[in-house]
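This is the structure:
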């Protein structure tokens, strides 16, 4: 397509209805891409939506019709498409929940009758009546999806489920309604209603858990959108007016009061304050904002008031860009095709061919009882190949793995991340709040005065810092209060912008607390010893605060974001696993170097923005690495969405925890190597389960087909085939439970 034509194309994101698996997403993408006038279609299976690049001359109704013709739907309403999409997801989840619950209610009596009262004549009829709604109403989606797959020449787990349950029902129905057919041939007819309903119920439960995990992705976007206030205050002809966020335009003068969120991006034109920009930088210390400084939407003003000029509004703001990038990152990863679906894609056709061949061969060589033997053996093949164990192989291991994770303070929300964790070859760690505590604390305090004078001076220091609006003052106040210091009375408190504060005690002596520039401005002397100590602390990336009277420095205080005790050992364990570890931070180079040195890290990047973090993750993925991202803030959300495996700190922001697929409840970094080991054990369990699920088929299918008949006259009764299938399921569950006793 020519460049000029491409520029004319329109891009829209539409919610899609009717997608239930990765193959459905592929079908939707293929159908739309091949629709006339559509240049490109990209499906985000996680959010049930599709991004379509198309000729504006095409009617949206045509796109919808193209999908409706093959059983899907496209939501083309103009108003609040995200709300429509969210409502659709909610309805779908509620529908699956209701169907799973009712399937279980109807399945229980059928299971009890099938297992303990199999010879009860009336029980067969009760089971048949209860099985019909489970299969053809509550479980109808399996049959519909299998039909969709068949139309596209494909087979997946739904194909196997519908084929085996459908055949089990038809055979059981025949044996219930017309048992004399078998009695006349000297064979006792068995029914398999319980096998059919148990399969439907178990696999419906798996789909319910999957749908719940998918619904979490939209809540993260919703919370990001909630960071922007709905209304804002603008100044018009010197008067304050409140207007909706949608009405703001570039050039408007906006007023921000203490505690309010900044609504759009802009530049301060009057006033000053400190603004919490942790959503962008990840750093816990609010940033000073004076005339000419930039401010960003979604950040939170602290104690001061100021006015700023709107420079970027709507989709142009940094917050809107973060939201957009998180959405794109969530959609950019192709959904991992379930291992079971891949196996089913090969296994189903093979089983069908074997069943048909079994029937035909017996019809040709079976003699007088050809039809009886042909029917029994072909049904036995389908029953023994029944996917109950196959369907249980992954969910049981995953459920036990999730439980084991919870015991070790690892909350796993998505089975995909648990399956993928063992492949992780690179771990990217956010610094602030992940490697470090995430809040400034007093690490060192050096006094020049005699010990007996210190308590009185501490009281004055506490009084000064208690009235200061500087963010670091809180760290000093907390430390002094923990030490039991009580504030003394001070007068003439004065804040010196960008420098510090000063006040006088009852005797009229002036005291100051602030940075080195304040000491210089007030001509306060600093001893050589104090200078040396302060310089050493600064080399360790600590912030140094000076406390003095009007003549000389009395004390210096070091404030820093402490490294968590678990960080170093966790990083060493990751390295021992052969995993590369990287640190990213919005903090300055000096601080990043000091932290990296303390942890023995050689790979780190400083002064990075949220998009830089995501780009770094993408860069590692481009080198073929499976990347785990660990973070705690809104600024990490884009990188968390981009990563193959994402982990959030338990004390972090709700948005980070929503985007991440794992949450480390205690925020202890030792949980990271534990999570990777848990993944290895779980995947090993899944593979073992698949072995147990298939070993019965490998041995049982040929026997069911009658290979032993020419040797010793043995034919596998469908009932014994059913028992073998049940035993394979028991083996799978027992093997999964072994994970409970493993050490992480």
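Residue numbers (the working numbering): 1016 to 1759. The C-beta atom is built at its ideal place from N, Cα and C for all residues, glycine as well.
_If I follow the unbroken beta strand (DSSP E) through residue 1028, where does it start and stop?_
From DSSP, the beta strand (DSSP E) with residue 1028 extends over 1025-1032.
*asked:* I'd like to know if the region 1572-1586 and the region 1453-1464 are in contact, where contact means that at least 3 CB-CB pairs between them fall below 8 Å.
replied: yes
*Is residue 1191 near residue 1206, with beta carbons less than 9 Å apart?*
yes
*Have a look at the DSSP bridge pairing and note the partners of residue 1425.*
1679
*Out of 1254, 1503, 1656 and 1399, state which residue places its alpha-carbon closest to the alpha-carbon of residue 1713.*
1399
_Using 9 Å as the threshold, is the C-beta distance between residue 1690 and residue 1674 below it?_
no
*Between residue 1449 and residue 1680, what straight-line distance do the alpha-carbon atoms span, to the nearest angstrom?*
12 Å
_Taking only three categories from DSSP, how would you classify residue 1455?_
DSSP places residue 1455 in strand when its eight states are reduced to three.
*Environment of residue 1069 [buried if 16+ CB atoms lie within 10 Å]*: Residue 1069 should be labelled buried.
*Can you tell me the Cα-Cα spacing of residue 1347 and residue 1133, whole angstroms?*
With a pLDDT of only 48 at residue 1347, under the threshold of 50, the placement of this residue in the model should not be trusted, and no figure is reported.
*What does a CB cutoff of less than 6 Å around residue 1753 pick up in its chain, not counting 5 residues either side in sequence?*
none
*Look up residue 1339 in the DSSP assignment and say whether it is helix, strand or coil.*
helix
*Can you tell me which of the three DSSP states residue 1444 falls into?*
strand
*Start and end residues, beta strand (DSSP E) containing residue 1564*: 1558-1564
*Please classify residue 1729: does DSSP put it in a helix, a strand, or coil?*
coil
_residue 1186 - DSSP class collapsed to helix/strand/coil_ = Correct three-state label for residue 1186: helix.
*Can you tell me whether DSSP reads residue 1332 as helix, strand or coil?*
Three-state DSSP puts residue 1332 in coil, outside helix and strand.
*Using 8 Å as the threshold, is the region 1530-1540 in touch with the region 1427-1435, meaning 3 or more CB pairs across them?*
no
*On the premise that residue 1270 lies in contact with residue 1250, defined as a C-beta separation below 8 Å, what is that separation, rounded to the nearest angstrom?*
6 Å
*Could you have a look at residue 1616 and say whether DSSP puts it in helix, strand or coil?*
coil
*Just the Cα atoms here: how many angstroms apart are residue 1567 and residue 1252?*
49 Å
*Hey, how far is the Cα of residue 1611 from the Cα of residue 1705?*
43 Å
*Taking all protein chains shown into account, do 16 or more other C-beta atoms lie within 10 angstroms of the C-beta of residue 1102, making it buried, or fewer, making it exposed?*
exposed
*If you compare alpha carbons, which of 1330, 1300, 1063 and 1040 is closest to residue 1108?*
1063
*Simplified DSSP assignment, three categories, for residue 1471*: helix
*asked:* So within the region 1477-1513, which uninterrupted beta strand (DSSP E) runs reach at least 3 residues, ignoring any that extend past its ends?
replied: 1506-1511
*Within the region 1263-1310, note down every full beta strand (DSSP E) run reaching 3 residues or more, in order along the chain.*
DSSP runs (the beta strand (DSSP E)) wholly in the region 1263-1310: 1268-1271, 1280-1286, 1288-1291 and 1302-1304.
*Counted within 10 angstroms of its Cβ, other Cβ atoms place residue 1152 as buried (16 or more) or exposed*: exposed
*Return yes when the Cβ of residue 1332 is within less than 9 Å of the Cβ of residue 1276, no when it is not.*
no
*Rounded Cβ spacing between residue 1427 and residue 1677 (contact assumed at less than 8 Å)*: The pair is a contact, with the Cβ atoms about 5 Å apart (cut-off 8 Å).
_Tell me whether the region 1024-1032 and the region 1081-1091 touch, counting them as touching only if at least three CB pairs, one residue from each stretch, are closer than 8 Å._
Because the criterion of three Cβ pairs below 8 Å is met, the region 1024-1032 and the region 1081-1091 touch.
_residue 1285 versus residue 1307 - alpha carbon distance_ = Each residue's Cα considered, the two are about 8 Å apart.
*Just checking my contact of residue 1283 with residue 1305 at CB under 8 Å: how many whole Å lie between their CB atoms?*
6 Å
*Which residue comes first and which comes last in the beta strand (DSSP E) that contains residue 1525?*
1525-1529
_Beta-bridge partners of residue 1578, as assigned by DSSP_ = The partner list for residue 1578 (beta bridge, DSSP) reads 1451.
*asked:* Under DSSP, the beta strand (DSSP E) around residue 1259 begins and ends at which residues?
replied: Element bounds for residue 1259: 1254-1259.
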